[in-house]
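Peer 1:
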Amino acid sequence: MNDHAPNSWEARAAQYALYGFTDLPSVRDRGTVVVTHGEGPYIFDTNGKKYLDSNSGLWNMVAGFDHKGLAEAAKAQYDRFPGYHAFFGRMSDQTVALSETLVNVSPFPRGKVFYTNSGSEANDTLVKMLWFLNRAEGRPQATKILTRKNGYHGVTAVSASMTGKPYNEVFGLPLDGFLHLTCPHYWREGRDGESEAEFTARLAAELDGVIDREGADTIAGFVAEPVMGAGGVIPPPEGYFQAVQAVLRRHGIPLISDEVICGFGRTGEIWGALTYDFMPDAIISSKNLTAGYFPMGAVILGPDLSDRMQAAIDEIEEFPHGFTASGHPVGCAVALKAIDVILNEGLMDRVREGAPRMQAGLSEIAGHPNIGELRGIGYMWALEAVRDRDTKTPFEAALSVSERIANTCTDHGLICRPLGQSVVLCPPFILTDAQMDEMFGKLDAALKQVFSEVA
Ligand SMILES: *Cc1c(COP(=O)(O)O)cnc(C)c1O
Numbered sequence: 040m041n042d043h044a045p046n047s048w049e050a051r052a053a054q055y056a057l058y059g060f061t062d063l064p065s066v067r068d069r070g071t072v073v074v075t076h077g078e079g080p081y082i083f084d085t086n087g088k089k090y091l092d093s094n095s096g097l098w099n100m101v102a103g104f105d106h107k108g109l110a111e112a113a114k115a116q117y118d119r120f121p122g123y124h125a126f127f128g129r130m131s132d133q134t135v136a137l138s139e140t141l142v143n144v145s146p147f148p149r150g151k152v153f154y155t156n157s158g159s160e161a162n163d164t165l166v167k168m169l170w171f172l173n174r175a176e177g178r179p180q181a182t183k184i185l186t187r188k189n190g191y192h193g194v195t196a197v198s199a200s201m202t203g204k205p206y207n208e209v210f211g212l213p214l215d216g217f218l219h220l221t222c223p224h225y226w227r228e229g230r231d232g233e234s235e236a237e238f239t240a241r242l243a244a245e246l247d248g249v250i251d252r253e254g255a256d257t258i259a260g261f262v263a264e265p266v267m268g269a270g271g272v273i274p275p276p277e278g279y280f281q282a283v284q285a286v287l288r289r290h291g292i293p294l295i296s297d298e299v300i301c302g303f304g305r306t307g308e309i310w311g312a313l314t315y316d317f318m319p320d321a322i323i324s325s326k327n328l329t330a331g332y333f334p335m336g337a338v339i340l341g342p343d344l345s346d347r348m349q350a351a352i353d354e355i356e357e358f359p360h361g362f363t364a365s366g367h368p369v370g371c372a373v374a375l376k377a378i379d380v381i382l383n384e385g386l387m388d389r390v391r392e393g394a395p396r397m398q399a400g401l402s403e404i405a406g407h408p409n410i411g412e413l414r415g416i417g418y419m420w421a422l423e424a425v426r427d428r429d430t431k432t433p434f435e436a437a438l439s440v441s442e443r444i445a446n447t448c449t450d451h452g453l454i455c456r457p458l459g460q461s462v463v464l465c466p467p468f469i470l471t472d473a474q475m476d477e478m479f480g481k482l483d484a485a486l487k488q489v490f491s492e493v494a
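Position one of the sequence shown corresponds to residue 40 (the working numbering), numbered consecutively onward.
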């Protein structure tokens, strides 16, 4: 099980570290890739091997792995004021400055921000806010949260309950009152002969039916990613958010946009909500918020939820919630720099300019008969492998096709992520054309190799 050289990095990792979200057979066979440093979109392991990380770490290292300005912003803030909280009426100047910036770059005319250390905690915080303000407003029964199957919202007990993935059954999750609607994936979930518009209408009708069945006054909110990320990069079907929002507005239920992946440029706009032209009631942010250079999440409330939260807080003169490191000054200084880099140093523009090239290159690769669907937008794409393209029949699960593809890519020096039977590509925004071509070449070679083995 652990036959790596004694005392090697791989052996020590196997002995001392517990792996989260890891395909154990792969790591047993291959050992852990122990990473020491990065350069641009590349990472290097303890054996000196270089990999192009086409997943930006975990979607978040959008400025690459050695951005000088981001590291300097952190260093300068460590020198000035290395840590503080945001409790008891105190917070750092950086926390104030970032809150102002976040409201200004949000789609909201005004709003308020609350900080966490992660996206999971931001979703958890949002749910507690909704529970808190509904109780204050005399609706203690309004607790249920609606999300979608395959949606990913995190791993804390609440955010895992929001996540619509079957793997959470091993924890006895979801908790009661977390309801998962149909995954908005037209290619997989659309019925024979159903148009995309009809599919959207069916999903909106389903939502309406669930609200009627449960009672609108028992539902606290609907939370959705503009494009599902960890569910396999699933852009919404045509008109989806307009149809869903009309139903929610009719019932007075807030729509929360989980922008942990989409936010700050991944879809080519600053928010996924902008790309898909809807106005959420609140935004959840993390990942790109600090370009991955500091762990941080944020809940950004729009005007209505800000006012209602403030009124609920005024009533008991306190919101009894917060993390020790909420609004950490170094995190806030890094986030301020990251937002500046993404918006003003052209990173988001590069996504917009590079997206058609990325789509064209992947479309060519997707010509392979064992690719069933290419889907995505901006710099987030997935290729889904199939045994039979016409019937959309997947490969036998025992073949672990997407793991094989990812492992073969790793051998070729390309990091990409297996997700179900799909392979995900979400490179850093700094990728050059030559690096994009390197990604296409390595991916294509790995796919051809694996498909020839399993065909
Ligand atoms: C990653 C992710 C989260 C969870 O963020 P963590 O920082 O891992 O807790 C929540 N929502 C979405 C959409 C994500 O992609």
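Virtual Cβ for every residue (Gly too), placed ideally from N, Cα, C.
Is Asp163 near ligand 1 - that is, is its Cβ less than 7 Å away from at least one heavy atom of it?
Peer 2: Because no heavy atom of ligand 1 lies under 7 Å away, the Cβ of Asp163 does not count as near it: no.
Peer 1: Let me know the secondary structure DSSP gives Glu277 once reduced to three states.
Peer 2: Three-state result, Glu277: coil.
Peer 1: Going along the chain, which residues of its own chain have a beta-carbon closer than 7 Å to the beta-carbon of Met40, five neighbours each way excluded?
Peer 2: Its pLDDT being 44, under 50, Met40 is placed unreliably by the model, and the measurement read from it follows with that caveat. Arg67.
Peer 1: How is the beta strand (DSSP E) around Pro467 delimited, first residue to last?
Peer 2: Unbroken run through Pro467: none, as it is neither H nor E.
Peer 1: What are the residues that DSSP puts in a beta bridge with Glu78?
Peer 2: Paired residues: Tyr81.
Peer 1: Looking at chain D, is there any beta carbon in it that lies within less than 8 Å of the beta carbon of Glu139?
Peer 2: The chain labelled as chain D is not found in the depicted structure, where only one protein chain is given.
Peer 1: Whole angstroms are fine: how far does the CA of Gly385 sit from the CA of Val209?
Peer 2: Going by the C-alpha atoms only, they are around 43 Å apart.
Peer 1: On the three-state DSSP scale, how would you describe Asp476?
Peer 2: Looking at Asp476 - three-state DSSP - the assignment turns out to be helix.
Peer 1: Alpha helix (DSSP H) containing Ala350: first to last residue?
Peer 2: Where Ala350 is concerned, the enclosing alpha helix (DSSP H) stretches over Pro342 to Ile355.
Peer 1: According to DSSP, what are the bridge partners of Phe261?
Peer 2: In the DSSP output, where bridge partners are listed per residue, Phe261 has Leu185 and Leu294.
Peer 1: Quick check: does the Cβ of Ala377 come within less than 7 Å of any heavy atom belonging to ligand 1?
Peer 2: Incorrect: Ala377 has no Cβ contact closer than 7 Å to ligand 1.
Peer 1: Where does Asp247 sit, in a helix, a strand or coil, going by DSSP?
Peer 2: Asp247 falls in the helix class under three-state DSSP.
Peer 1: Count the CB pairs spanning the stretch 151-166 and the stretch 359-367 that are closer than 8 Å, and state whether there are at least three.
Peer 2: A contact exists between the stretch 151-166 and the stretch 359-367.
Peer 1: Name the DSSP beta bridge partners of Glu412, please?
Peer 2: Bridge partners of Glu412: Glu423.
Peer 1: Give, in chain order, every unbroken run of the alpha helix (DSSP H) that is at least 4 residues long and sits entirely within the stretch 85-167.
Peer 2: Whole alpha helix (DSSP H) segments, 4+ residues: 95-98, 107-119 and 132-144.
Peer 1: What are the start and end residues of the beta strand (DSSP E) that includes Ser324?
Peer 2: Taken as a continuous stretch (DSSP letters only), the beta strand (DSSP E) holding Ser324 covers Ala321 to Ser324.
Peer 1: Counting along the chain, where does the alpha helix (DSSP H) carrying Pro223 start and finish?
Peer 2: Looking at the DSSP string, Pro223 is not in any alpha helix (DSSP H), and its letter there is neither H nor E.
Peer 1: Looking at C-beta atoms only, is the number of pairs between the stretch 304-313 and the stretch 76-84 that lie closer than 8 Å three or more?
Peer 2: With a cut-off of 8 Å, the stretch 76-84 and the stretch 304-313 do not count as touching, because too few Cβ pairs lie within range.
Peer 1: Return yes when the C-beta of His192 is under 7 Å from any heavy atom of ligand 2, and no when it is not.
Peer 2: Of the ligands one can find in the structure shown, namely ligand 1, none is ligand 2.
Peer 1: Would you list the residues sitting across from Gly336 in a DSSP beta bridge?
Peer 2: Answer is Thr155, bridged to Gly336.
Peer 1: Do Leu401 and Ser461 come within 8 Å of each other at the CB atom, strictly closer than that value?
Peer 2: The answer is no: Cβ separation not under 8 Å.
Peer 1: Any idea what DSSP makes of Phe434, helix, strand or coil?
Peer 2: Phe434: coil per DSSP, three-state reduction.
Peer 1: Taking the beta carbon of Glu49 as the centre, do at least 16 other beta carbons fall within 10 Å, making it buried, or is it exposed?
Peer 2: Counting Cβ neighbours within 10 Å, Glu49 comes out buried, since at least 16 surround it.
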